[in-house]
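FYI, the numbering for the sequence shown is 397 to 1101, going by the numbering used here. By construction, the Cβ of each residue, glycine as well, lies at the ideal position given by its N, Cα and C atoms. Keep in mind that this is a model prediction, so the values were computed, not measured. Worksheet for the structure shown next.
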Amino acid sequence: MATLQNIRNRGSLMIAIVIGLALGAFILGDMLNSGSKLMKPSQMKIAEIDGESVQYPDFQKKVEELSEIYKMNSQKTSIDEKTWEQIREQVWQEYLQENIIGKATENLGLTVSSDELFDLVQGNNPHQIIQQLFKDPKTGQVDKSNIIKFLKSLETNATPQQKSYWLYIENQIKQDKLRTKYNNLVSKGLYVTSDEAKKSLAEKSKSVNFQYVMLAYSSVTDATVTVSDSDLKEYYNKHKDEYKQEKGRKIEYVTFEVLPSAADNAATQKWVVDSKQEFGSVADNKQYVTVNSETPFDASYYKKSELPAKIGEWAFGAQQGDFYGPYFENNEYKLAKIDQFKLMPDSVQASHILINPQTIGSADKAKALVDSLKKIIELGADFAVMARKYSEDPGSKIKGGDLGWFKRKQMVPEFEDAAFTGEINKLYVVATRFGYHLIKPTKKGKETNMVRIATLSRKVEPSTETYQKVYSETSKFASENQTVDAFNKAVLSQKLDKKIASLKENDQDVPGLESSRSLVKAAFNSENGKILVNNENSTIFEFGNKFVIGSLTEVTEEGPSTFEQAKTKVELVVRKDKKAQLLADKLKNAASGQSDLAGVASKVSGEVKEAAGVNFTSFSIPAVGFEPAVIGTVSNLAEGKISEPVQGNNGVYITKITAVKTNPNTDLKGEKNRLAQALNSRAGSQVFESIKKVVDIVDKRSKFY
């Protein structure tokens, strides 16, 4: 089953090819409790996509299935919070694809037949996923014999998880093929006319050099222009569609951070000092550090130059068993002890055979196979032949297990220890996170004196007393300030740092607060102007080492913004327009009777600047930035003529063409092909997004996660 390891090794790339698999989320445990109201079908609905209801149990089942695939792919037994979030998002995207593109392909009668799937897996032009999984590293070609061998092995010695993984891969291939068929249909309906191609050629063939005088909006103070409510309402009424808003909440909150006290610092230092005598009496430094230290034992040997200056100076003037410290570093008190001096090479050459427990079925089976290989090779079998036959490291397998030369810190510690300390051409069995290795050191570099240091460390952390003290302060604040008015007055009087956060319903965290999804949910379940309450009916939230108390200060619902909600944004636009009119009038008056821009610039205390090589397809003006209105103006302006004032993004411009260059291109067919390719390249993503806009999507995930 070596290919299954190949799948795991390339799993992330494989999934990214089809749907950009990213993984993560967290499952609330109380939703399925017996008797919960959420057990009613209508209340278990997590989403509705184009009239199709998605139930929480079904959604969660897919999340769990994908999480098992992730574990298999990553060789991890647990999943962190961020990864759970990404897994749920991936499942959501699959539901969207299934109910949007999936329905569209079904309505059109598009399918992937068993013959097509066979061809995508075993045919002459296999799918990208198959190409990635079964490509021969020596030739770069797909090895069909390996595909057939792998598929046969699925029927004989694959685990249920491995079979499930393969079914997932097959489904991704089918879904990708369906999307490709649908996108191809759309692409075939896209057409570029000859007139469009001619216009495009004309726009690109003509470029201009021009002069301009620009008066920046910042040159006009806000006090110079008068903006009335009637001006704002008039603009708002004409542009209502531009002021839509998402569902959101704004909260204000204060944090009470639990940090180590001076007493905690002193207690940690005392613990390390008191441990010195016991540490000095032990012979097995590794075991003592493993049991007592907060950082693991470092089995590596170091040259003097590789250690911090003070530690290196001490170590190479000390004897085995000598101490350095205690000393404080990275919020830890540390005590360093010389464990051993040894002559060690800087680099070694080694070969290995890797056996993965997941592929062979268990750790015991992997260990047994490695032990058997060791005996066979010690009896005279060729190491390279055994490596090519059994090893699951694709990089070294084709080289007979040879890893070449490598320096220290390039391998995992267990592997490095065997390779650097073992005898030349002796065999060593070592377990690492990758599986079981049979290692044979083959050559060693020049040996130098190195040292291994055993370091006992203890992090300075808040004690229970410190934790209780901060919690008491938080509880006192919470009990005395149960209204928003009281909360705000207390924040001012106690000079606390009040923070503000704007939240969306599916936000997983409040910026700056660790794993704070519960605060987001509280904000969306609270009334405006109220102190936020958690699931335990308490106003105190706990995130990492912080206690948090907050209030809901603003509520926005999805849909058009009211005038009051949009007023600030509208005022910025209206004020800018009024400034633009003032500046345009100023430039127009200055340009009256002028034939060049130098005279205009002198009248407005401006400066004549130049830009070269600009055409209609340009995105920006050199040294100015994105100014499409100006580019559109100069692209159609006659040479030598001064333009009317143009309202741009940064200010108001007046321009004059100084030179026109033409580079006629008559390749009409080539231009049509280029424009068509550009259309087709956007078809896939834009079709999906376009259909999404006309499909009703009700997303209630935030109520469950």
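Proximal residues to residue i (C-beta, below 8 Å), its chain only, five neighbours per side dropped
{"i": "Glu1003", "result": "Val609, Ala997"}
{"i": "Ala1103", "result": "Outside the shown range of the chain, which is 397 to 1101, sits residue 1103, and nothing can be said about it."}
{"i": "Gly431", "result": "Model confidence at Gly431 stands at a pLDDT of 39, short of 50, so the residue's coordinates are unreliable; what they give is reported in the following sentence. Excluding residues within five positions, none has a Cβ falling inside 8 Å."}
{"i": "Lys822", "result": "Lys836, Pro837"}
Inter-residue spacing [alpha-carbon to alpha-carbon] between residue i and residue j
{"i": "Val1048", "j": "Lys984", "result": "11 Å"}
{"i": "Ala554", "j": "Leu799", "result": "29 Å"}
{"i": "Val1160", "j": "Phe546", "result": "With the chain covering only 397 through 1101, there is no way to say anything about residue 1160."}
{"i": "Phe779", "j": "Tyr786", "result": "10 Å"}
{"i": "Ile945", "j": "Pro741", "result": "58 Å"}
{"i": "Asp694", "j": "Asn681", "result": "11 Å"}
{"i": "His523", "j": "Leu1071", "result": "28 Å"}
{"i": "Leu669", "j": "Asn845", "result": "In the sequence as displayed, the identity of residue 669 is Val instead of Leu. Each residue's alpha carbon lies about 30 Å from the other."}
{"i": "Ser449", "j": "Glu460", "result": "19 Å"}
{"i": "Leu765", "j": "Trp562", "result": "26 Å"}
{"i": "Glu444", "j": "Ala980", "result": "52 Å"}
{"i": "Lys540", "j": "Ser758", "result": "28 Å"}
{"i": "Lys975", "j": "Tyr649", "result": "38 Å"}
{"i": "Leu915", "j": "Glu494", "result": "32 Å"}
{"i": "Ile569", "j": "Gly644", "result": "38 Å"}
{"i": "Gly676", "j": "Ala659", "result": "26 Å"}
{"i": "Ser1031", "j": "Asp446", "result": "45 Å"}
{"i": "Glu774", "j": "Gly908", "result": "58 Å"}
{"i": "Tyr564", "j": "Leu513", "result": "13 Å"}
{"i": "Gln961", "j": "Lys926", "result": "20 Å"}
{"i": "Asn521", "j": "Glu1085", "result": "30 Å"}
{"i": "Lys972", "j": "Val1000", "result": "19 Å"}
Residue interval of the beta strand (DSSP E) (run including residue i)
{"i": "Asp446", "result": "Looking at the DSSP string, Asp446 is not in any beta strand (DSSP E), and its letter there is neither H nor E."}
{"i": "Leu899", "result": "895-900"}
{"i": "Val678", "result": "That residue, Val678, is in no beta strand (DSSP E); it is neither H nor E in DSSP."}
{"i": "Ile945", "result": "942-952"}
{"i": "Ala1008", "result": "1005-1010"}
{"i": "Lys974", "result": "First-last for Lys974: 959-987, but that is the alpha helix (DSSP H), not the beta strand (DSSP E)."}
{"i": "Asp798", "result": "798-803"}
{"i": "Pro722", "result": "719-725"}
Identity of the residues DSSP links to residue i by a beta bridge
{"i": "Pro741", "result": "Glu843"}
{"i": "Ile465", "result": "Partner(s): none; Ile465 has no beta bridge."}
{"i": "Ala1055", "result": "Asn605"}
{"i": "Ala1034", "result": "Per DSSP, none; premise fails for Ala1034."}
{"i": "Tyr698", "result": "Val847"}
{"i": "Gln641", "result": "Gly955"}
{"i": "Ala746", "result": "Pro837"}
{"i": "Ala780", "result": "According to DSSP, which records beta bridges pairwise, Ala780 is partnered with nothing at all."}
{"i": "Lys855", "result": "Glu728"}
Residue range of the unbroken alpha helix (DSSP H) whose run includes residue i
{"i": "Arg392", "result": "Summary: the structure shown does not reach residue 392, with the chain confined to residues 397 through 1101, and so no result is reported for it."}
{"i": "Asp1095", "result": "Counting along the chain, Asp1095 falls outside any alpha helix (DSSP H), though it belongs to the beta strand (DSSP E) covering 1093-1095."}
{"i": "Tyr867", "result": "860-876"}
{"i": "Leu1064", "result": "1064-1090"}
{"i": "Ile756", "result": "753-756"}
{"i": "Tyr649", "result": "It is not in any alpha helix (DSSP H) - Tyr649 instead sits in the beta strand (DSSP E) that spans 644-653."}
{"i": "Val880", "result": "880-889"}
{"i": "Thr479", "result": "477-503"}
{"i": "Ala1019", "result": "Neither: Ala1019 is in no alpha helix (DSSP H) and is coded neither H nor E."}
{"i": "Glu938", "result": "No alpha helix (DSSP H) contains Glu938, which is instead part of the beta strand (DSSP E) from 937-939."}
Outcome for residue i when other beta-carbon atoms lying within 10 angstroms are tallied against a minimum of 16
{"i": "Pro453", "result": "exposed"}
{"i": "Leu888", "result": "exposed"}
{"i": "Phe768", "result": "A quick correction: the sequence has Ser, not Phe, at residue 768. Per the 10 Å Cβ criterion, exposed."}
{"i": "Gln486", "result": "buried"}
{"i": "Phe1015", "result": "exposed"}
{"i": "Lys882", "result": "For the record, residue 882 in the displayed sequence is Ala; it is not Lys. Classification for Ala882: exposed."}
{"i": "Thr851", "result": "buried"}
{"i": "Pro1041", "result": "buried"}
{"i": "Asn469", "result": "buried"}
{"i": "Phe937", "result": "buried"}
{"i": "Lys548", "result": "exposed"}
{"i": "Phe652", "result": "buried"}
{"i": "His833", "result": "buried"}
{"i": "Ile820", "result": "exposed"}
Chain B contact for residue i (CB, 8 Å cutoff)
{"i": "Trp801", "result": "Protein chains in the displayed structure number just one, and chain B is not present."}
Neighbourhood of residue i by C-beta, 7 Å cutoff - its chain only, sequence neighbours within 5 removed
{"i": "Gln745", "result": "Gly800, Trp801, Thr838, Lys839"}
{"i": "Val1056", "result": "Lys602, Val604, Glu1035"}
Cβ neighbours of residue i in the same chain (closer than 6 Å, five flanking residues each side left out)
{"i": "Gly455", "result": "The question names Gly, but residue 455 is Phe in the sequence shown. Hits under 6 Å: Ile442."}
{"i": "Val808", "result": "Thr828"}
{"i": "Asp718", "result": "Ile734"}
{"i": "Asp637", "result": "none"}
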